[in-house]
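For reference, the structure discussed in these notes is given below.
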Amino acid sequence: MQKTDVVIIGAGLSGLYSAMLLKQNKVPYLLLEAKHSVGGRITSTKDSCESDVGFDLGPTWIFPHQQKIQHFANDIGIALFQQYIQGDALFQRPNSINPERFSGAGGMPLLRVKGGMSTVVTKLLEQIDKDYLRTNHKVYGLKRLNDKWQVSVDNNGQEHTYESTHIILALPPRMITRHLSVDKWASDQLVAELNSSQTWMSAQAKFVVSYKKPFWRENGLSGQAFSQVVPLVEMHDASLQEHGDYALFGFIGLDAQQRKHYSEDQLKTACLQQLCFFYGDVAKDYQDCEIKDWAKDQFVASPLDCTEPSKHPSFNTAKYSTNMKNQHLYFAGSEFSTSEPGYLEGAIQATEAAISQLLDNL
Numbered sequence: 001m002q003k004t005d006v007v008i009i010g011a012g013l014s015g016l017y018s019a020m021l022l023k024q025n026k027v028p029y030l031l032l033e034a035k036h037s038v039g040g041r042i043t044s045t046k047d048s049c050e051s052d053v054g055f056d057l058g059p060t061w062i063f064p065h066q067q068k069i070q071h072f073a074n075d076i077g078i079a080l081f082q083q084y085i086q087g088d089a090l091f092q093r094p095n096s097i098n099p100e101r102f103s104g105a106g107g108m109p110l111l112r113v114k115g116g117m118s119t120v121v122t123k124l125l126e127q128i129d130k131d132y133l134r135t136n137h138k139v140y141g142l143k144r145l146n147d148k149w150q151v152s153v154d155n156n157g158q159e160h161t162y163e164s165t166h167i168i169l170a171l172p173p174r175m176i177t178r179h180l181s182v183d184k185w186a187s188d189q190l191v192a193e194l195n196s197s198q199t200w201m202s203a204q205a206k207f208v209v210s211y212k213k214p215f216w217r218e219n220g221l222s223g224q225a226f227s228q229v230v231p232l233v234e235m236h237d238a239s240l241q242e243h244g245d246y247a248l249f250g251f252i253g254l255d256a257q258q259r260k261h262y263s264e265d266q267l268k269t270a271c272l273q274q275l276c277f278f279y280g281d282v283a284k285d286y287q288d289c290e291i292k293d294w295a296k297d298q299f300v301a302s303p304l305d306c307t308e309p310s311k312h313p314s315f316n317t318a319k320y321s322t323n324m325k326n327q328h329l330y331f332a333g334s335e336f337s338t339s340e341p342g343y344l345e346g347a348i349q350a351t352e353a354a355i356s357q358l359l360d361n362l
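Structure below.
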């Protein structure tokens with residue numbers, strides 16, 4: 001049985017940032033991730049050009065008021081740029097023959113990560129001890145025994161057990177109840193509250209398509225388009241920098257249950273046809289396209305997430321703070337943020353709060 005001071009479960013933004021902060025404070029840790037890759041909901045598709053960066057399939061934007069994530073980006077050497085919104089927007093009504101064009105897309109000046117959000121993951125991996133990162137390590141059991149935590153893991157069919165004094169849960173609430181045997185360590189009240197908190201955007205699907213040239217910009221368009229017709233209901237410029245790595249992305253308006261009736265190829269074809277409605281046949285000349293259906297990811301979306309109307313998560317962490325401190329247990333997932341739950345900003349805030357509590361509890 002391997003022993004360490006802290007086990008972090010989940011290697012998304014919160015888990016990776018937790019590992020970085022623990023390393024800075026010289027606290028031994030082990031970071032466990034169920035998937036073969038890290039990043040959590042920060043997921044990208046590789047560009048078909050020579051660039052090794054990828055287009056965002058998960059979170060894309062940083063809002064102007066979200067200062068923690070902006071400071072964090074600066075600290076680890078991440079460059080930000082403004083979302084491209086210059087030019088007109090397009091709109092599609094049911095049964096319309098041509099899109100309507102509206103001058104000035106406008107909107108608040110959202111920020112993007114140069115090179116895509118996957119750059120954040122790459123930078124964080126440079127900041128942690130990779131020797132203490134375990135991918136393909138699915139935690140299926142968690143229990144308290146003699147004031148220690150025992151963590152049971154399935155690694156490609158091989159079982160391992162780890163022991164630690166502290167546990168950081170860098171996961172959404174419903175993933176905790178779904179995977180971590182909460183009946184062995186959590187109260188009924190805590191389990192109920194965890195189950196009531198949605199995983200933000202977990203039932204959504206996103207379409208991304210890359211192009212050699214930004215034909216929409218060349219025609220005075222912003223890349224913003226809105227539709228009352230499915231599949232795509234909202235579209236934006238998804239280019240990875242101000243001038244280069246050009247792409248468009250859109251949110252698919254079919255819900256998780258409706259999407260089950262279509263293959264991925266059918267959805268891709270329908271999305272491309274809709275882009276041709278907006279931009280003409282030039283939209284057919286793409287480099288690569290991909291759909292990410294988050295509802296199919298068992299480590300992101302729960303069955304409840306896929307059937308309920310979408311709403312922002314809310315979790316009263318303070319209610320359980322004393323009991324969690326006594327158990328040496330800390331919630332670091334974005335949905336546990338007291339200010340920006342579900343967002344990248346929330347992941348930074350919740351992680352910093354969790355690490356602060358842990359350091360005070362050493």
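Heads up, the sequence shown is in this note's numbering, so the first residue is 1 and it goes up one at a time.
A virtual CB, placed ideally from N, CA and C, is assigned to each residue, including glycine.
Owing to the predicted nature of the structure, the values given are computational and were not obtained by experimental measurement.
For this session: Please go through the same chain and pick out, in chain order, the residues whose beta-carbon is closer than 6 Å to the beta-carbon of residue 114, but skip the five residues on each side of it.
Result: 79, 81 and 241
Exercise. Looking at the structure shown, is residue 36 part of a helix, part of a strand, or coil, going by DSSP?
Worked result: coil
For this session: Using DSSP bridges, identify the partner residues of residue 92.
Result: 227
Exercise. DSSP on residue 4, reduced to helix/strand/coil?
Worked result: strand
Exercise. Can at least three beta-carbon pairs, one atom from the segment 124-133 and one from the segment 145-153, be found at a separation below 8 Å?
Worked result: no
Problem set entry | Residues of its chain near residue 382, where Cβ-Cβ distance is below 8 Å and the 5 sequence neighbours each way are ignored | The structure shown has nothing for residue 382, since the chain only spans 1 to 362.
Exercise. For residue 369, which of 243, 248 and 244 has the nearest alpha-carbon?
Worked result: Outside the displayed span of the chain (1 to 362) sits residue 369, for which this structure offers no information.
Problem set entry | Chain-order list of residues whose beta-carbon lies under 6 Å from that of residue 337 (same chain, five-residue window excluded) | 346, 349 and 350
Exercise. Taking the beta strand (DSSP E) that residue 251 falls in, what are its first and last residues?
Worked result: 246-252
For this session: List in chain order: all unbroken beta strand (DSSP E) runs of 3+ residues lying wholly within the segment 230-311.
Result: Entirely contained in the segment 230-311, the beta strand (DSSP E) runs reaching 3 residues are, in chain order, 232-237, 246-252 and 288-293.
Exercise. Taking Cβ positions, are residue 88 and residue 199 nearer each other than 9 Å?
Worked result: Not a contact, by the Cβ cut-off of 9 Å.
Exercise. Below 8 Å, can you find three or more Cβ-Cβ pairs linking the segment 176-191 to the segment 224-235?
Worked result: no
For this session: May I ask you to report which of helix, strand or coil DSSP gives residue 216?
Result: helix
For this session: Would you kindly work out how many angstroms separate the C-alpha atoms of residue 1 and residue 149, rounded to a whole number?
Result: 12 Å
Exercise. What number of angstroms, rounded off, separates the C-alpha of residue 202 from the C-alpha of residue 172?
Worked result: 10 Å
For this session: Consult DSSP for residue 198 and reduce its assignment to one of helix, strand or coil.
Result: coil
For this session: May I have the straight-line CA-CA distance separating residue 41 from residue 12, to the nearest angstrom?
Result: 7 Å
For this session: Can you tell me which of the three DSSP states residue 49 falls into?
Result: The pLDDT assigned to residue 49 is 42, lower than 50, so where the model puts this residue is not dependable; a value taken from the coordinates is nonetheless given after this. If DSSP states are grouped into helix, strand and coil, residue 49 belongs with coil.
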